[in-house]
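Here's the structure we're looking at; comments come further down.
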Amino acid sequence: MADPILENRLLSRIQAGVDEAEVLFRARSMSAGIDEGETAVSLFFPDGGVWAEGTDSAPLMAAALVTWVDSLGDRLPTDPSVPLISNDPYDGGGTLCDLRMVAAVPMGEAVGWIAVAGHYPDLGGSVVGGVAPEARTIQEEGLRVPLTPLDDTVAGLLVSNSRFPASTGEDFDAQVAAVRAGQAWMRDLGERHGWDAILAAGRSMRERSRKALASARQELSTGTFVRHDRLDAETAGLDPRHLKLAVTVSESVIEVDFEGTDPLVAGPTNCSSLSTVASVLCGFRHLFPEIPACGFGIDDLEIRVPHGSLLDAVFPFPVGGTSDVLSDRVISLVIEAFSRAVHGRGRACDGGGGNVIVVEGLGEDGPFALRLVTGAGGGASGRGDGLSNGDAASRHSRFASIEEIERAFPVRFHTYAERVGTGGAGRYRGGDGTVLEVISLLDECRLSVYADRSLRGAGGHQRGGRGSTADVEVFVDGRWEKASGRLQGVALNQGDRIRIRTAGGGGYGHPYERAIRLLSEDVRSGRLSRKDAAKQHGVVYASSDARDYDSAKTFKLRSYRLTSSDVDDFLDEIEALED
Amino acid sequence: MIIGIDIGGTFTDLVSSEDGEIRTVKVPSTPDDFSEGFSSALSVATSDPGAIEEIVHATTVATNALIQRKGARVGLITTKGFRDILALRRRDRGAAYGIQTRFEPLVPRELRREVSERASPTEVVNPVDPDELSIVAQSLWDDGAEAILVAFLHALTCPDNERLALDTLTGRWPDKPIFASHVLSDAATEFERFSTGAASAYVAPLVRSYLSGIGERLDRPETLRVVVSDGGLVSADEAEANPVRTALSGPAAGVWGARAVCEAIEEPAFVACDMGGTSFDACLVSDGVPALTRDRELTFGIPLAVEMLDIATIGAGGGSVVSVSSVGTVEVGPEGMGADPGPACYGRQVHRATVTDADLVLGRISSELKLPSGTRNLDVDAARKTLNERVAQPLGVSVEAAASLVLSTVEEKMADQIRQMGLKARQDVSDHILFAYGGAGPLHAAGIADPLGITRIVIPPNAGLFSAWGGLLTQPRQACSTASAFDLVTGEDQLKSVMALNAKRLNADIDTASHALTVRSRGSARSISLAADATESAPRLEERLRATPGAGRGPWIVTRVSTSIVGSRACDLPGLLPKTVRVSDPESTTRSVVFTDGRSADCLVLDRGALSEGDAGDGPCVIEEAGATTVVPSCFGWRVGTLGLLHLERNHA
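Chains as they are written, first to last, in my numbering: chain R, 1 to 579; chain S, 580 to 1232.
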């Protein structure tokens, strides 16, 4: 039997090496996005399976590395001195701003790999950040780099296509340094302990993790669980697009089938099939957070993505919406479907993906481009209310500071606040969305918006309510107008505004089960009106003081012991309450 | 007479120094009113209160209130449109995977109110109305607020409105705790500054009553000095003015104590490692300067943006609970058993195994554990039994293997923490010294040093009580900073004048004070910190920035200039370092010890009190003193150096 102490030590050294590469990438990069979390680092076994991933890696990017390395197969590098680089969405997933590198790591006789991904702030295209709401082809989203050996030419090409050449150069160097640091770490570890022992430790860990997943999988009820969702229309007047997911759990296999999802659209809300698979993996992992990356395999799930659907983008369809909207919708759908199959781990749907606002213009110091990604309400679970203004499930990053933005860009925030009462009702309510309103301080700026969830709010779980939908409004030419979630190049002059209100998360459990203590808090904090407390939750407050609830009426209402005259009286009384 | 007092949850430790004579006192803490324990310790220490020149006090009152959420009801008055900044955080989530639940800010929504006012980064856009302010403040008091924080957007770079608001409110309610964000924190980002302000206001009433309670029991209250998170010493009034500065009071005292010792032995680069019962704290010190940070999250969603020592903390100490995860890995902490009921070997609980139980099972600590308060008999069988149930059986290994696994997991985790600190600070930690203290520090020092490639370890005398000693060795540090926004090169004159101004505020000379610039490359949101000399020219600074990875390519904008001075408090180091007391019979004994590599050996057990300068030997052995045990594995040698310091050095085999 292997020595458990040595095994433990080797595994922790492997993890430390992967973490070191990621810490180094972030610390040496110059973009706030990379520094604050939009990276992933993973180590792979010689058979191509994932071994370890960075402790702080962004979940979707980490999953995308797994599907990418798996898809490369024979094309994976064997010469440690020549890493490969790519951002090709059709041949790896993600968007053009997701730059991935993979390098060979000799492991004794065999070769394994280390892969590092970073989300760059810009790599060209018609709108900064790679999401052009009006894009009809991928060329409008930026520069595509097919799988290529890493050298200075590639770096030069990327730098000269970026709107932020200086930071892109630094970020690129940092990413290469991370790959090299990871390789050096592994080489050193191998020299000290020999790869036979290290690989044996890794495989034993993988086996244990897979066993743990298999036993956790027993918690899933068998059956087919179908969920569907609607995406905003790409162009005003067009029909909204549907996503459909059927999860079938049987004794032997789990099928994840997107049959019934609408075809590719002429707009950025498509993603490649590898992205779809990565999103499914990512959602699945959210359900079993206690199991490490190596416990999950692509083959655990039988995933079917219908050809020609918007989840199977092919050249030249644009895919810019992958990371900001579509992946999160798929992740949510997966969590929603599995929540119906699993007790205790289930939760309501998140109000995210992100909503992207871009303001570009010519300032005193030259061209500027401000890109904001908002948060939304998180889904509630059996453990409590959802998180307000949470980051989407695909990411693990942070929002910039308003003061920092106002110092660097000619905009002024009018509002940045919780959008109270927008989480779905329930025993535990969904997290609230966010209201964000920005004023342009400069003439001749261009506004682009890529937002979603204006048609259908995040679903609840266990009879919890749906969260509110999102909306976008612009203030131009002296008046407010409702806008679609797909704006590109709208002229903004001084004093013009954009307001975005993001979606709430879904609620969990029947609203009548919500504890009166929590409801009183909701009423006191202005999250819930007295009318809604009565209508949705069956609790009647006698006065505006939230401590003062009418226990007799509440009992009647909550236990459905109402006569018809009671109902009429109640309805009148409730209608008379202020909102 | 100089006195250091450290009030913990269980015990109040006191260390006094008078004419080179050292005394230690340990009395039970009095959680209902901590000042009671404080004064009873003081009365044991001296019968002549008039002889006390200085009392250096490290306190955990603020930290505990924040972590346990037992602070005051705080009202927030903020800019219209930004009521929820504290709740929105930075749009983050607590963990990468799994369910995230609601976050509760320190100020509940109903006590967050807005007033019409607005500033841009440089000027007031909409002035604040004093009448509106007073009405809002009155409504907050009426609704039960016990403290008020005024926090406006851009108040750091344009403080006019916030200052006016503070003056208006304190003028009207002079005795109430009222704070303004720009006074409490110099963070130029709203969420971190508001959060720091809220945390200060949240603990203010508690800290105020605590310190005044202590003050009342002192003949001369002005002798009281409080250790703050950057290791400086402040008066009780200064501590009350920004109570959150005391959040890392205890660990900071230890680090500065370590610095004083390492300075005396001319070792400017070291890692201070404090491992106690509940946590492990490490701080990287290079060139004699402990790493400082302004960016630290106390818990999810509560960053504290005041200057503090950059101490990495993990919830793993002697009393931390160990368990086995569903995938068969050993997990340690953050849950701890504290001193009561304590580890399984204390005999008061049998359900949770702890790190100390693993140390006992392996013979690394004696079953007759010597503490400063006397000998404690530990129940080896109870430790074995619990460890067997909780760790060995689930893993299918022997109890000894399980215990070794627990310890190597703990040590690896700590080494990782230190390695990452080095990486972020761009320092190679392998040429640093590991300075280990705290009850469990010397026990694990070699195990932590090994994976880091550290070859030299120093353990101070009375290592278990070193944090309390730290206060006596602390040097008063004063700092101030000025927010700015000018180009590094074209603003060179401005830079010098800000440095001069800062130095003047500290009553110091511009050339002897230490300066640090916060700069960001134009077009980048990312700031980095750069230590600067007052005589350094801008082109020279630029050159250094170019050579700094992650600093960008310029041109650089200076966003903050910080200046600090480290005063010199007369302290006689050899006098302050305690003499180690003998704990056992002079005849040396042996006991069988299992090391974390799984090998066991019969080890000599040495009494540290019986050793004197120049004594040396080779591992494996165990060196015991009251309150701490040092384990020397076979690959290390030991010797006793000056000041009673125990040196461990790796053999070059």
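Quick reminder that beta carbons are idealized off the backbone N, C-alpha and C, glycines included.
In this text the structure is predicted, and so the values were computed from the model without any measurement.
Alpha carbon to alpha carbon, what distance is there between R/Glu134 and R/Glu481?
Taking the first sequence and counting its residues from 1, the one referred to as residue 481 of chain R is at position 481. Taking the first sequence and counting its residues from 1, the one referred to as residue 134 of chain R is at position 134. Going by the C-alpha atoms only, they are around 20 Å apart.
Euclidean distance between Cα positions of S/Gly867 and S/Arg838:
Along the second sequence, one-based indexing puts residue 867 of chain S at 288. Along the second sequence, one-based indexing puts residue 838 of chain S at 259. Those two C-alpha atoms are separated by around 7 Å.
Backbone CA spacing between R/Cys445 and R/Gln488 [nearest angstrom]
If you number the first sequence from 1, residue 445 of chain R lands on position 445. If you number the first sequence from 1, residue 488 of chain R lands on position 488. Each residue's alpha carbon lies about 12 Å from the other.
Within chain C, the residues that R/Met61 reaches when beta carbons sit closer than 9 Å
The structure shown contains no chain C; the protein chains it does contain are R and S.
R/Ile580 by DSSP, collapsed to three states: which one?
Limits of chain R in this structure are 1 at one end and 579 at the other, which puts residue 580 of chain R out of reach.
Are the C-beta of R/Thr415 and some C-beta of chain S separated by less than 8 Å?
One-based indexing of the first sequence puts residue 415 of chain R at position 415. Yes, its Cβ sits closer than 8 Å to a Cβ of chain S.
Rounded to whole angstroms, what's the CA-CA distance from S/Gly1133 to S/Glu1121? Just pull it up for me.
Position 554 of the second sequence, counted from the first residue, corresponds to residue 1133 of chain S. Position 542 of the second sequence, counted from the first residue, corresponds to residue 1121 of chain S. The alpha-carbon separation between S/Gly1133 and S/Glu1121 amounts to approximately 8 Å.
List the endpoints of the continuous beta strand (DSSP E) containing S/Phe1174.
Working through the second sequence from its first residue, we reach residue 1174 of chain S at position 595. Unbroken run through S/Phe1174: none, as it is neither H nor E.
Hey, quick one: how far does the alpha helix (DSSP H) through S/Trp752 stretch, first residue to last?
The residue labelled residue 752 of chain S in the question sits at position 173 within the second sequence. Where S/Trp752 is concerned, there is no enclosing alpha helix (DSSP H), given that its DSSP letter is neither H nor E.
Got a sec, what are the start and stop residues for the alpha helix (DSSP H) S/Tyr789 sits in?
Taking the second sequence and counting its residues from 1, the one referred to as residue 789 of chain S is at position 210. Counting along the chain, the alpha helix (DSSP H) containing S/Tyr789 begins and ends at Glu769 to Glu795.
Segments assigned alpha helix (DSSP H), at least 4 residues, entirely inside the segment 186-256 of chain R
195-217
What did DSSP end up calling S/Lys649 once you bin it into helix, strand or coil?
In the second sequence, counting from the first residue as 1, residue 649 of chain S sits at position 70. S/Lys649: coil per DSSP, three-state reduction.
Output needed for R/Met1: all residues of its chain with C-beta closer than 7 Å, excluding positions within five of it in sequence on either side, in chain order.
Within the first sequence, residue 1 of chain R is the residue found at index 1, counting from 1. Below a pLDDT of 50, predicted positions are generally treated as unreliable, and R/Met1, at 48, falls in that range; no measurement from the model is reported.
With burial defined as no fewer than 16 other Cβ atoms inside 10 Å of the residue's Cβ, what is the status of R/Ile335: buried or exposed?
Within the first sequence, numbered from 1, the residue matching residue 335 of chain R stands at position 335. Looking at its Cβ environment, which holds 16 or more other Cβ atoms inside 10 Å, R/Ile335 is buried.
Beta-ladder partner(s) of S/Asn705, from DSSP:
As a working note, residue 705 of chain S is residue 126 in the second sequence. Its beta-bridge partners are S/Arg697.
Within-8 Å CB hit, R/Ile498 to chain S:
Within the first sequence, numbered from 1, the residue matching residue 498 of chain R stands at position 498. Chain S contact via Cβ: absent.
With 16 other Cβ atoms within 10 Å as the buried cut-off, status of R/Leu220:
Here residue 220 of chain R is taken as the residue at index 220 of the first sequence, counted from 1. With 16 or more Cβ atoms within 10 Å of its Cβ, R/Leu220 is classed as buried.
Determine, using beta carbons only, whether S/Ala620 and S/Arg1139 come nearer to each other than 8 Å.
Looking up residue 620 of chain S in the second sequence gives position 41. Looking up residue 1139 of chain S in the second sequence gives position 560. Contact: no.
Contact check, S/Pro706 vs S/Asn740 under 8 Å by CB: the rounded distance?
Here residue 706 of chain S is taken as the residue at index 127 of the second sequence, counted from 1. Here residue 740 of chain S is taken as the residue at index 161 of the second sequence, counted from 1. That pair is a contact at about 7 Å.
CB contact check: S/Ile678 to chain R, cutoff 8 Å
On the second sequence, residue 678 of chain S is found 99 positions in, with the first residue counted as 1. So, interface residue.
For R/Cys349 and R/Val280, the rounded distance between their alpha carbons:
To locate residue 280 of chain R, count along the first sequence from 1; it is residue 280. To locate residue 349 of chain R, count along the first sequence from 1; it is residue 349. Taking the straight line joining both Cα atoms gives about 15 Å.
According to DSSP, R/Trp480 sits in a beta bridge with which residue or residues?
Taking the first residue of the first sequence as position 1, residue 480 of chain R is located at position 480. DSSP output for R/Trp480 lists R/Phe475 as bridge partner(s).
Which chain R residues sit within Cβ distance under 7 Å of S/Thr603?
The count along the second sequence starts at 1 and reaches residue 603 of chain S at position 24. Simply none; closest approach about 38 Å.
Residues of the segment 864-877 of chain S with Cβ closer than 9 Å to any Cβ of chain R, in chain order
none
So, under 8 Å CB-CB, S/Ser902 and R/Arg9 are touching, yes? Tell me the CB distance rounded to an integer number of Å.
Translated into positions along the second sequence, residue 902 of chain S becomes position 323. Translated into positions along the first sequence, residue 9 of chain R becomes position 9. At roughly 19 Å, the Cβ-Cβ gap does not stay under 8 Å, so S/Ser902 and R/Arg9 are not in contact.
How far does the alpha helix (DSSP H) with R/Leu436 in it reach, from first residue to last?
Position 436 of the first sequence holds residue 436 of chain R. No alpha helix (DSSP H) holds R/Leu436; the beta strand (DSSP E) holding it covers Gly433 to Ser440.
Show which residues of chain S have a CB atom less than 7 Å away from the CB atom of R/Leu591.
With chain R covering 1 to 579 only, the question about residue 591 of chain R has no answer from this structure.
Check whether chain R comes within 8 Å of S/Gln999, counting only Cβ atoms and requiring the distance to be less than that.
If you number the second sequence from 1, residue 999 of chain S lands on position 420. Interface annotation, S/Gln999: in contact with chain R, CB-CB separation under 8 Å.
Quick one: what's R/Phe413 bridged to in DSSP?
Within the first sequence, residue 413 of chain R is the residue found at index 413, counting from 1. For R/Phe413, which the question treats as bridged, DSSP gives the partners R/Val438.
Are any of the Cβ atoms in chain S nearer than 8 Å to that of R/Arg431?
Stepping through the first sequence from its first residue, residue 431 of chain R is reached at position 431. In the sequence as presented, Arg is not what sits at residue 431 of chain R; that position holds Gly. Yes - at least one Cβ of chain S is within 8 Å of the one on R/Gly431.
Determine the direct distance from the alpha carbon of R/Gly112 to that of S/Ala1019, and round the result to whole angstroms.
Numbered from 1 along the second sequence, position 440 holds the residue referred to as residue 1019 of chain S. Numbered from 1 along the first sequence, position 112 holds the residue referred to as residue 112 of chain R. S/Ala1019 and R/Gly112: Cα-Cα distance of roughly 39 Å.
Interface positions of the segment 23-34 of chain R facing chain S (Cβ-Cβ less than 8 Å), listed along the chain:
Contact annotation: in the segment 23-34 of chain R, residues whose CB is within less than 8 Å of a CB in chain S are Val23, Leu24, Ala27, Arg28, Ser29, Met30, Ser31 and Ala32.
Nearest by alpha-carbon distance to R/Gly48: which of R/Val105, R/Gly526, R/Arg558 and R/Glu141 is it?
Sequence index remark: in the first sequence, residue 48 of chain R carries index 48 (1-based). Nearest option by C-alpha distance: R/Val105.
Using a 10 Å radius around the Cβ and a threshold of 16 neighbouring Cβ atoms, would you call R/Phe555 buried or exposed?
Position 555 of the first sequence holds residue 555 of chain R. The residue is exposed, with fewer than 16 neighbouring Cβ atoms inside 10 Å.
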